[in-house]
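A.B. asks: To start, I am sharing the structure in question, which I have written as structure tokens.
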Amino acid sequence: MKTIDTSIIISTYNNTQWLEKVLYGYNNQTYRLFEIVIADDGSGPQTKALLERLQKEVFYPIVHVWHEDNGFQKSEILNKAVKKCSTAYTIMSDGDCIPRTDFVEQHVKYREEGCFLSGGYFMLPMDISKSIDKEDIYAGRCFDLKWLKDNGLQTSFKNSKLTAKPITASILNLITPTNASWNGHNASGWTKDIIAVNGLNEQMQYGGQDRELGERLFNSGIKSKQIRYNAIVVHLDHPRGYKNEVSIKKNQSIRRETRELQKKWTSHGIIKDTQTKAPVSIILSTYNQPLWLEKSLWGYEQQDIKDFEIVIADDGSTQETTTLIKRFQKESSLRIKHVWQEDDGFQKTKILNKAILASEGDYLIFSDGDCIARKDFVFKHLKYRRPRHFLSGGYYKLSQSISDAVSKENIISQSCFDADWLLENGQPKNFKINKLTSHGAKEVMLNTFTTTTPTWDGNNASGWREDILAVNGFDARMQYGGEDRELGERLTNYGVQGIQIRYSAVAVHLEHSRGYVTEDMIEKNKTIRAHTRKQNIVWTPYGISSNKAERDSKSVIG
Numbered sequence: 029m030k031t032i033d034t035s036i037i038i039s040t041y042n043n044t045q046w047l048e049k050v051l052y053g054y055n056n057q058t059y060r061l062f063e064i065v066i067a068d069d070g071s072g073p074q075t076k077a078l079l080e081r082l083q084k085e086v087f088y089p090i091v092h093v094w095h096e097d098n099g100f101q102k103s104e105i106l107n108k109a110v111k112k113c114s115t116a117y118t119i120m121s122d123g124d125c126i127p128r129t130d131f132v133e134q135h136v137k138y139r140e141e142g143c144f145l146s147g148g149y150f151m152l153p154m155d156i157s158k159s160i161d162k163e164d165i166y167a168g169r170c171f172d173l174k175w176l177k178d179n180g181l182q183t184s185f186k187n188s189k190l191t192a193k194p195i196t197a198s199i200l201n202l203i204t205p206t207n208a209s210w211n212g213h214n215a216s217g218w219t220k221d222i223i224a225v226n227g228l229n230e231q232m233q234y235g236g237q238d239r240e241l242g243e244r245l246f247n248s249g250i251k252s253k254q255i256r257y258n259a260i261v262v263h264l265d266h267p268r269g270y271k272n273e274v275s276i277k278k279n280q281s282i283r284r285e286t287r288e289l290q291k292k293w294t295s296h297g298i299i300k301d302t303q304t305k306a307p308v309s310i311i312l313s314t315y316n317q318p319l320w321l322e323k324s325l326w327g328y329e330q331q332d333i334k335d336f337e338i339v340i341a342d343d344g345s346t347q348e349t350t351t352l353i354k355r356f357q358k359e360s361s362l363r364i365k366h367v368w369q370e371d372d373g374f375q376k377t378k379i380l381n382k383a384i385l386a387s388e389g390d391y392l393i394f395s396d397g398d399c400i401a402r403k404d405f406v407f408k409h410l411k412y413r414r415p416r417h418f419l420s421g422g423y424y425k426l427s428q429s430i431s432d433a434v435s436k437e438n439i440i441s442q443s444c445f446d447a448d449w450l451l452e453n454g455q456p457k458n459f460k461i462n463k464l465t466s467h468g469a470k471e472v473m474l475n476t477f478t479t480t481t482p483t484w485d486g487n488n489a490s491g492w493r494e495d496i497l498a499v500n501g502f503d504a505r506m507q508y509g510g511e512d513r514e515l516g517e518r519l520t521n522y523g524v525q526g527i528q529i530r531y532s533a534v535a536v537h538l539e540h541s542r543g544y545v546t547e548d549m550i551e552k553n554k555t556i557r558a559h560t561r562k563q564n565i566v567w568t569p570y571g572i573s574s575n576k577a578e579r580d581s582k583s584v585i586g
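Here the sequence shown is numbered in my numbering, starting from 29 and rising by one per residue.
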């Protein structure tokens, strides 16, 4: 007796009439070494009764995976179904798609290590969907173009899916403009590959959630193969009451993030990553400005990307700041750490080094507690990051009156980043407002041709943790005035180059006084920076570590 080598996951929800037809289709397959795993998104008892009845009639084993009805949670139930698959290869389809007799055979024929297969469907109108019976399926009439036309099917180029012979199908697969994406109604891949990217993203509901899985597979090096004219299913019509614009827009945002950041893993899949370390840490410096810090944290609540932690580097603030942070830790979805040291004057570099040690991320983004990040701020930093480079962002300074006036509602609506809104409320107009209006080609052009050098600016810069540790972080001798740029200069000496993103990653800066600034600080810092540049200094002995052996190996290059 041959061993089953293929698992077929069929999603369903309260549609036993269509599911019965689909399961008859699988009982008519030429390739028979498979199991059926039903991914049931909360159907009533009628579905269970149908499966119990059909199990006595069909040749293949049926595994019923069910969870309680909680709205459209197809991604979640599919992940549960993947865990129940007992074979090395998985085909996914839906409980409203009847497979042609060679459907499984075609998937098995074209499967290949390092690839997933992308099939399509042929949509039937409602009247034909209803009229198809068991005998139509077993006799193959529901795939016969003449029979379908006799029953009212309209002429269309798509009809070629039903009539294409092997050579024609191969040509059509090659020339079709349709991408070979992971389509939930007709796709297949190796079970280990699906598990390696953590399955489907359970944050996603209706609208492209299946394709996002394929995009992560592609990012992981799994290629896609087009078989839309080989592996055929007919799709039975039905209403989609669960479809809504909110879920579609949310899914579009997640897919954009997956594609542009080349994401391979979802933290919201088969394995839940709630206890794992944050991949990105945002280090925010602050000192006795709780009103500004609150606005800054509201900005991070609005970020398109949520998978980060915030480490607040607190240079000795009073209890008012601590109370604010504790409130956010309790009420906000943000993951926040509070790193504090006693007030000893302007010691920002010391507290930043402590925050670096407290952070978890492999990638670190630095800003200040008086800067509000636009909602794509984190996304842009992650999009443009490159090995052996740091990113240099900028800021747009707001007037005192607007800084005071910006509210939570302005941050949620992002009106505080809208040039027209700012000008209407009294913000002086100058060239720098282009930071707020640059997108696409304009953004790239201004980043490329700006005369500003890509320096490490503490209000908006990012880099790899390993690179920052390699130069020993910030020089703790330095106080206000270029202390952040000196870190960037040592990174450059180490071979880590700056990339300009001042027109891409946008933050608005809230105005405040700087009573801590003295000429002595600035002159001292100038002297240290001049020495760093002239001597090609890489390692500061006044940084995170005081390890002499490490210092001696990295202190000077060239």
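The beta-carbon is built from N, C-alpha and C at its ideal position, and this holds for glycine as well.
Smallest Cα separation from S295: which of R287, L289, A306 and E288?
C.D. replies: By 1-based counting over the sequence shown, the position of residue 295 is 267. Considering only alpha carbons, the answer is A306.
A.B. asks: Give me the DSSP bridge partner(s) of H409.
C.D. replies: Residue numbering aside, residue 409 sits at position 381 when the sequence shown is read from its first letter. Paired residue(s): none; H409 is not in a bridge.
A.B. asks: Buried or exposed: where does M120 fall if 16 or more other Cβ atoms within 10 Å of its Cβ makes it buried?
C.D. replies: Here residue 120 is taken as the residue at index 92 of the sequence shown, counted from 1. Label assigned to M120: buried.
A.B. asks: Span of the beta strand (DSSP E) holding S309?
C.D. replies: In the sequence shown, residue 309 corresponds to position 281, counting from 1. V308 to T314 is the extent of the beta strand (DSSP E) around S309.
A.B. asks: If you draw a straight line from the C-alpha of Y138 to the C-alpha of L241, how long is it?
C.D. replies: Within the sequence shown, the letter at position 110 stands for residue 138. Within the sequence shown, the letter at position 213 stands for residue 241. When rounded, the distance between both Cα atoms is 20 Å.
A.B. asks: In whole angstroms, what separates the C-alpha of A341 from that of D396?
C.D. replies: Here residue 341 is taken as the residue at index 313 of the sequence shown, counted from 1. Here residue 396 is taken as the residue at index 368 of the sequence shown, counted from 1. Cα-Cα distance, rounded: 9 Å.
A.B. asks: Looking only at its chain, what residues have a beta carbon closer than 7 Å to the beta carbon of F405, apart from the 5 residues adjacent to it on each side?
C.D. replies: To locate residue 405, count along the sequence shown from 1; it is residue 377. The answer, listed in chain order, is Q331, A533, V534 and A535.
A.B. asks: By how many angstroms is the C-alpha of I550 removed from the C-alpha of F459?
C.D. replies: Here residue 459 refers to the residue found at position 431 of the sequence shown. Here residue 550 refers to the residue found at position 522 of the sequence shown. In a straight line, the C-alpha of F459 is about 28 Å away from that of I550.
A.B. asks: Buried or exposed for R413, going by 16 or more other Cβ atoms inside 10 Å?
C.D. replies: Counted from its first residue, the sequence shown places residue 413 at position 385. R413 comes out buried.
A.B. asks: Looking at the structure shown, is Y328 part of a helix, part of a strand, or coil, going by DSSP?
C.D. replies: Residue 328 sits at position 300 when you count from the first residue of the sequence shown. Helix.
A.B. asks: Would you give the residue range spanned by the alpha helix (DSSP H) that L464 belongs to?
C.D. replies: The sequence position of residue 464 within the sequence shown is 436, counting from 1. N462 to T465 is the extent of the alpha helix (DSSP H) around L464.
A.B. asks: Spell out a yes or no on whether the stretch 494-503 and the stretch 425-439 are touching, meaning 3 or more CB-CB pairs, one atom from each, closer than 8 Å.
C.D. replies: Touching, no.
A.B. asks: With C-beta atoms as the reference, is S39 less than 8 Å away from G123?
C.D. replies: As a first step, residue 39 must be located in the sequence shown, where it is residue number 11. As a first step, residue 123 must be located in the sequence shown, where it is residue number 95. Their beta carbons are under 8 Å apart, which means S39 touches G123 by this criterion.
A.B. asks: Would Y41 pass as a contact of I64 if the rule is Cβ separation under 8 Å?
C.D. replies: Indexing the sequence shown from 1 puts residue 41 at position 13. Indexing the sequence shown from 1 puts residue 64 at position 36. Cβ atoms of Y41 and I64: not closer than 8 Å.
A.B. asks: Taking 8 Å as the cut-off, does the stretch 185-202 touch the stretch 286-300 (at least 3 CB pairs, one atom from each stretch)?
C.D. replies: Touching, no.
A.B. asks: List the DSSP bridge partners of V65.
C.D. replies: Locating residue 65 in the sequence shown gives position 37, counting from the first residue. DSSP, once it has assigned bridges, lists I37 and V91 as partnering V65.
A.B. asks: Compute the Euclidean distance between the alpha carbons of G421 and G491, then round it to the nearest angstrom.
C.D. replies: Taking the sequence shown and counting its residues from 1, the one referred to as residue 421 is at position 393. Taking the sequence shown and counting its residues from 1, the one referred to as residue 491 is at position 463. One C-alpha to the other measures close to 11 Å.
A.B. asks: Where does the unbroken alpha helix (DSSP H) through M549 begin, and where does it stop?
C.D. replies: Position 521 of the sequence shown, counting from 1, holds the residue named residue 549. Taken as a continuous stretch (DSSP letters only), the alpha helix (DSSP H) holding M549 covers E547 to K562.
A.B. asks: Just the Cα atoms here: how many angstroms apart are H559 and D548?
C.D. replies: On the sequence shown, position 531 is the one that residue 559 refers to. On the sequence shown, position 520 is the one that residue 548 refers to. Taking the straight line from one Cα to the other gives about 17 Å.
A.B. asks: To the nearest angstrom, how far is it from the Cα of R518 to the Cα of T349?
C.D. replies: Counting from 1 along the sequence shown, the entry for residue 518 is found at position 490. Counting from 1 along the sequence shown, the entry for residue 349 is found at position 321. Roughly 32 Å separates the two Cα atoms.
A.B. asks: Terminal residues of the continuous beta strand (DSSP E) containing V262?
C.D. replies: For the purposes of this step, residue 262 is identified with residue 234 of the sequence shown, where counting begins at 1. Element bounds for V262: V261 to H263.
A.B. asks: List, from N- to C-terminal side, the alpha helix (DSSP H) runs of 4 residues or more that fit wholly inside the stretch 429-494.
C.D. replies: With a minimum length of 4 residues, the continuous alpha helix (DSSP H) runs that stay inside the stretch 429-494 are 436-441, 447-452, 462-465 and 468-477.
A.B. asks: Select from L321, D265 and P482 the residue whose C-alpha is nearest the C-alpha of R355.
C.D. replies: In the sequence shown, the residue the question calls residue 355 occupies position 327. The shortest Cα separation from R355 among L321, D265 and P482 belongs to L321.
A.B. asks: Suppose the cutoff is 8 Å on Cβ atoms and the five residues either side in sequence are ignored; what does the same chain contact list for E511 look like?
C.D. replies: Working through the sequence shown from its first residue, we reach residue 511 at position 483. Excluding residues within five positions, the ones whose Cβ falls inside 8 Å are K376, T377, G486, F502, D503 and N553.
A.B. asks: Note down the Cα distance separating E285 from K291, rounded to an integer number of angstroms.
C.D. replies: Position 257 of the sequence shown, counted from the first residue, corresponds to residue 285. Position 263 of the sequence shown, counted from the first residue, corresponds to residue 291. In a straight line, the C-alpha of E285 is about 8 Å away from that of K291.
A.B. asks: Of the choices K436, K278, A433 and S466, whose alpha-carbon is the least far from that of A447?
C.D. replies: Walking along the sequence shown from the start, residue 447 turns up at place 419. Checked all of K436, K278, A433 and S466; the closest Cα to A447 is S466.
A.B. asks: Among Q134, I311, R287 and N488, which residue has its Cα nearest to the Cα of R244?
C.D. replies: The residue given as residue 244 occupies position 216 in the sequence shown. R244 has its Cα closest to that of R287, out of Q134, I311, R287 and N488.
A.B. asks: For T31, which of I165, Y59 and E370 has the nearest alpha-carbon?
C.D. replies: Reading the sequence shown from its first residue, position 3 is the one you call residue 31. If we check each option's Cα against that of T31, Y59 comes out closest.
A.B. asks: Would you tell me roughly how many angstroms separate the C-alpha atoms of A433 and F407, rounded to the nearest one?
C.D. replies: Position 405 of the sequence shown, counted from the start, is the residue given in the question as residue 433. Position 379 of the sequence shown, counted from the start, is the residue given in the question as residue 407. Their Cα atoms are separated by approximately 27 Å.
A.B. asks: Flag this pair as yes or no: are the beta carbons of S431 and E539 separated by less than 8 Å?
C.D. replies: What you label residue 431 is simply residue 403 of the sequence shown in a count that begins at 1. What you label residue 539 is simply residue 511 of the sequence shown in a count that begins at 1. Taking 8 Å as the Cβ cut-off, S431 and E539 qualify as a contacting pair.
A.B. asks: How is K300 classed by DSSP in three states: helix, strand or coil?
C.D. replies: Numbered from its first residue, the sequence shown carries residue 300 at position 272. In this structure, K300 counts as strand in the three-state DSSP scheme.
A.B. asks: What distance in whole Å lies between the Cβ atoms of I222 and T129, which are believed to be in contact at a cut-off of 8 Å?
C.D. replies: The residue given as residue 129 occupies position 101 in the sequence shown. The residue given as residue 222 occupies position 194 in the sequence shown. No, T129 and I222 are not in contact; Cβ-Cβ is about 26 Å, not under 8 Å.
A.B. asks: Enumerate in chain order the residues of its own chain whose CB-to-CB distance from G454 is below 8 Å, with the five nearest sequence positions on each side excluded.
C.D. replies: As a working mapping, residue 454 is identified with position 426 in the sequence shown. Counting only Cβ-Cβ distances below 8 Å, and skipping sequence neighbours, we find S427, S429 and I430.
A.B. asks: Of the choices V261, Q231 and N247, whose alpha-carbon is the least far from that of K278?
C.D. replies: Indexing the sequence shown from 1 puts residue 278 at position 250. It is Q231.
A.B. asks: Should I333 and I393 be called a contact, given that it needs their Cβ atoms to be closer than 8 Å?
C.D. replies: Position 305 of the sequence shown, counting from 1, holds the residue named residue 333. Position 365 of the sequence shown, counting from 1, holds the residue named residue 393. Contact: no.
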